[in-house]
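For reference, each letter of the sequence shown is one residue, going 1 to 389 in the working numbering.
C-beta: ideal position from N, C-alpha, C; glycine also.
Heads up: the structure comes next, in structure tokens.
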Amino acid sequence: MADKVKIAVIGLGNMGVPHVRDISTMDNLTLVGVCDTDKAKADNIAAQFKTTAYYDYKSLFDKSGVEAIIIATPHYDHTIIAVEAFARGIHVLTEKPIAVHVNDAKKMIAAWEDAKKKNPKIIFCAMFMQRTYGFWQKIKSLIDNGDLGKLMRATWIITDWYRTQQYYDSGGWRATWAGEGGGVLMNQCPHNLDLYQWFFGVPDRVTGFVTLGKYHNIEVEDEVTAYFEYKNGMVGHFLTTTAEAPGTNRLEIIGENGKLVYENGKMLFTQNRIPVFKHLKEAATGFDKPEAWNCEIPYKHHGQPGHRIIIDNFANAILKGEKLLAPAEQGINSVMMNNAIMLSSFEKKTIDLPMQGDAFEAKLKDLIKGSKFKKEVKGGGPVNMNSSF
Ligand SMILES: NC(=O)c1ccc[n+]([C@@H]2O[C@H](COP(=O)([O-])OP(=O)(O)OC[C@H]3O[C@@H](n4cnc5c(N)ncnc54)[C@H](O)[C@@H]3O)[C@@H](O)[C@H]2O)c1
1 MADKVKIAVI
11 GLGNMGVPHV
21 RDISTMDNLT
31 LVGVCDTDKA
41 KADNIAAQFK
51 TTAYYDYKSL
61 FDKSGVEAII
71 IATPHYDHTI
81 IAVEAFARGI
91 HVLTEKPIAV
101 HVNDAKKMIA
111 AWEDAKKKNP
121 KIIFCAMFMQ
131 RTYGFWQKIK
141 SLIDNGDLGK
151 LMRATWIITD
161 WYRTQQYYDS
171 GGWRATWAGE
181 GGGVLMNQCP
191 HNLDLYQWFF
201 GVPDRVTGFV
211 TLGKYHNIEV
221 EDEVTAYFEY
231 KNGMVGHFLT
241 TTAEAPGTNR
251 LEIIGENGKL
261 VYENGKMLFT
271 QNRIPVFKHL
281 KEAATGFDKP
291 EAWNCEIPYK
301 HHGQPGHRII
311 IDNFANAILK
321 GEKLLAPAEQ
331 GINSVMMNNA
341 IMLSSFEKKT
351 IDLPMQGDAF
361 EAKLKDLIKG
371 SKFKKEVKGG
381 GPVNMNSSF
């Protein structure tokens with residue numbers, strides 16, 4: 001096995017270009033091409049990083065000798081490009097969401113499973129870089145370790161994904177059913193939904209309430225409230241919007257052993273001396289409460305956006321069999337939670353999971369067909385992605 005993987009980036013926009021820049025600083029990857037359907041962008045980035053420009057992914061696959069790709073195109077194309085790459089035995093790191101709907105996610109996983117018949121070591125990775133963040137890793141370890149005891153409720157208020165009208169106007173595909181397949185839940189929240197399922201698993205029942213274009217001139221959702229139910233009795237809430245400022249990012253997890261809150265960079269655990277389920281049965285008086293004390297939980301965080309860490313892990317998974325931090329087949333879970341919230345809201349009913357993909361895909365096709373929204377694209381200046389994570 002060579003000591004460098006021949007890699008290319010497909011889609012050279014806000015996210016693809018930082019990926020190219022990261023690759024250019026890494027010693028386990030060689031950039032063998034960049035690809036964008038916008039010729040000027042591809043030529044410009046190829047010249048800047050001294051590589052070859054391609055304008056369609058198939059000629060990149062045919063001519064570059066590429067072994068691995070990063071897909072950073074708008075979401076619908078993640079599926080088309082990944083399926084073709086797997087058919088040719090190429091390793092795939094896809095941007096989030098892995099797909100727009102469950103049926104597309106299943107197609108990608110099936111193509112990867114097929115490719116594994118020829119090369120059992122073929123890698124399918126997703127850009128869920130928030131999994132590398134020290135605070136989320138600490139929360140995951142506290143839950144897995146049973147520190148909170150039996151879980152009762154997890155409420156995530158994630159309303160600090162603020163976006164202006166200019167953001168939505170900056171790209172023709174953004175915030176349209178045909179171009180993106182959704183709004184805040186599809187574009188900003190895949191990270192949070194992925195973390196939610198990573199911590200707690202996929203809910204068994206989902207009820208969603210979404211409003212379309214409530215605060216922005218867009219046809220997709222910009223405000224969401226969801227209610228999750230688990231067979232083990234845990235309930236969850238997920239609230240998001242792109243219109244609140246200053247907005248909140250507060251994850252509150254309640255277990256029988258107390259309350260864990262992560263907000264503003266601080267992780268506080270209020271620990272019950274006696275677990276609630278024991279105390280509420282055994283307390284001698286009606287208004288007694290378990291004794292509790294506060295503890296600030298320490299964690300270490302690398303402080304980086306994290307994409308480079310995922311790319312490095314992808315390369316090392318190919319070269320040395322390193323364990324993936326974000327296996328892409330798990331990406332179907334956040335896609336399913338997204339689709340269930342949306343479908344629940346459209347159909348005004350609770351959705352049982354796991355769900356089949358056909359109903360949401362059909363709904364999406366109806367929305368695309370019935371769309372009367374006229375998108376006015378007004379290009380903005382260069383985007384600093386660091387303010388977006
Ligand atoms: N992980 C993160 O932190 C993060 C942050 C932002 C965006 N993203 C994801 O990255 C993807 C791209 O988002 P963006 O903001 O960079 O979009 P963008 O519009 O800035 O860039 C997309 C680029 O893809 C090109 N393109 C479109 N179809 C193509 C195709 N078939 N082949 C080759 N090039 C094609 C476009 O010309 C454009 O240059 C989305 O899926 C988004 O969710 C991830």
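Per DSSP, the continuous alpha helix (DSSP H) segment holding Ala359 begins and ends at Asp358 to Gly370. Not one heavy atom of ligand 1 falls within 7 Å of the beta-carbon of Leu324. If you draw a 10 Å sphere on the C-beta of Val206, you find 16 or more other C-beta atoms in it, and that means buried. If you look at Tyr227, you'll find it in the beta strand (DSSP E) that goes Glu221 to Glu229. Following the DSSP letters along the chain, one finds Tyr262 in no alpha helix (DSSP H) but inside the beta strand (DSSP E) bounded by residues Gly258 to Glu263. Restricting attention to Ile7, Tyr162, His191 and Val276, the CA atom closest to the CA of Glu256 is found in Val276. In summary, Val224 is buried, with 16 or more beta-carbon neighbours lying within 10 Å of its beta-carbon over all protein chains present.
A residue is called buried once 16 or more other Cβ atoms fall within 10 Å of its Cβ, and His307 is buried on that count. C-alpha of Asp104 to C-alpha of Met336: approximately 11 Å in a straight line. By the C-beta density criterion, Cys295 is exposed, having fewer than 16 other C-beta atoms within 10 angstroms. Cα atoms of Lys323 and Phe86: separation of roughly 20 Å, rounded to the nearest angstrom. Met26 places its beta carbon less than 8 Å from that of Asp312.
Secondary structure note for Phe277: its alpha helix (DSSP H) is the uninterrupted segment Val276 to Glu282.
Shown here, Leu212 sits in a strand according to DSSP, grouped into three states. The C-beta separation of Phe314 from Leu93 comes to about 5 Å, placing the pair in contact by the 8 Å criterion. Taking 7 Å as the cut-off, one finds no heavy atom of ligand 1 near enough to the beta carbon of Gly182.
Cβ-Cβ distances below 6 Å link Pro190 to Lys96, Pro97 and Ser334 in the same chain, with the five nearest sequence neighbours on each side left out; the list follows chain order. Taking 8 Å as the cut-off, the Cβ atoms of Tyr167 and Gly247 do not count as close. Just so you know, the alpha carbons of Leu319 and Leu31 end up roughly 15 Å apart. Across the set Lys41, Ser64, Glu67 and Tyr133, the C-alpha of Lys41 shows the shortest separation from the C-alpha of Thr73.
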